[in-house]
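Be aware that the sequence shown starts at 20, since it is given in our numbering, and climbs by one per residue. For each residue, glycine too, the CB sits at the ideal point set by N, CA and C.
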Amino acid sequence: TGEAKFAGNYAASLLAQDTAAREHGCDQVVWLDAVERRWIEEMGGMNMFFVFGSGPGARLVTPPLTGTLLPGVTRASLLELAGELGYEAVEERLTVDDWEQGCASGEISEVFACGTAAVITPVGTVKSSTGGWTVGGNEPGPVAMQLREHLLGIMHGTHADTHGWMHTLVPAAANA
20 TGEAKFAGNY
30 AASLLAQDTA
40 AREHGCDQVV
50 WLDAVERRWI
60 EEMGGMNMFF
70 VFGSGPGARL
80 VTPPLTGTLL
90 PGVTRASLLE
100 LAGELGYEAV
110 EERLTVDDWE
120 QGCASGEISE
130 VFACGTAAVI
140 TPVGTVKSST
150 GGWTVGGNEP
160 GPVAMQLREH
170 LLGIMHGTHA
180 DTHGWMHTLV
190 PAAANA
């Protein structure tokens with residue numbers, strides 16, 4: 020039921036998020052699959068992206084839609100924009116170990132969450148029960164910032180909307 024956006028799906032996350040903030044100094048919680056508890060699904064109420072490599076050859080990976088995470092509009096938009104900007108974007112399963120090892124080796128250069136309100140939120144530091152690690156240089160990465168700038172540009176009308184996402188609303192006639 021995680022694919023449905025309703026209060027019951029978010030209420031349970033609030034306790035975990037509050038605990039993470041109070042006890043560990045974290046802003047968000049990463050949710051794993053409920054069956055094996057090893058596959059990364061989402062962060063709080065946001066979808067996640069992992070950037071492998073850098074520059075024009077960077078590859079974006081986001082967890083696949085399995086029916087347990089929200090098929091976010093921002094996620095779908097970023098998958099489209101990534102291809103338009105020349106990045107390969109795929110849906111693949113990743114474990115926390117994949118994430119930690121990828122950051123340690125430099126293979127994963129950026130991680131970010133995305134959603135309607137946040138647009139794109141970079142992840143700089145990760146804490147787990149076994150320790151923690153830094154993503155990239157603990158700064159927003161260039162791929163995330165390019166995607167953010169492009170998406171916000173479409174929203175604000177400074178970039179062309181070649182996707183038909185924006186619609187002009189006109190007020191109804193007063194006496195219609």
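Given a threshold of 16 other Cβ atoms within 10 Å of its Cβ, counted over all protein chains shown, does residue i qualify as buried or as exposed?
i      : result
Ser96  : buried
Ala157 : In the sequence as displayed, the identity of residue 157 is Asn instead of Ala. The residue in question, Asn157, is exposed, as its Cβ has fewer than 16 Cβ neighbours within 10 Å.
Val130 : buried
Gln47  : buried
Arg167 : buried
His175 : exposed
In whole angstroms, give me the CA-to-CA distance for residue i and residue j.
i      : j      : result
Ile139 : Gly125 : 21 Å
Val109 : Ala192 : 46 Å
Phe69  : Met185 : 27 Å
Val145 : Ala163 : 17 Å
Leu113 : Met65  : 16 Å
Cys122 : Gly91  : 25 Å
Thr15  : Gly155 : Nothing about residue 15 can be read from this structure; the chain reaches only from 20 to 195.
Ala118 : Leu188 : Residue identity check: residue 118 is Trp in the sequence provided, not Ala. C-alpha separation (whole angstroms): 43 Å.
Arg41  : Trp50  : 18 Å
Phe25  : Gly86  : Reliability fails at Phe25, whose pLDDT of 47 lies under 50, so the model's placement of it is uncertain and no value is given.
Gly105 : Gln165 : 11 Å
Asp116 : Asp37  : 24 Å
Pull the bridge partners of residue i from the DSSP assignment, please.
i      : result
Ile127 : Phe71
Ser147 : Gly150
Asn66  : Cys133
Since residue i contacts residue j with CB under 8 Å, what's their CB separation in whole angstroms?
i      : j      : result
Leu88  : Glu55  : At roughly 15 Å, the Cβ-Cβ gap does not stay under 8 Å, so Leu88 and Glu55 are not in contact.
Gly134 : Thr93  : 6 Å
Gly136 : Met62  : Note that residue 136 is Ala in the sequence shown here, rather than Gly. In fact, because the Cβ distance is near 13 Å, the residues do not count as touching under 8 Å.
Pro141 : Gly160 : 7 Å
Ser128 : Gly72  : 6 Å
Open item on the list: Taking 8 Å as the cut-off, does the segment 77–87 touch the segment 96–106 (at least 3 CB pairs, one atom from each stretch)?
Closed with: yes
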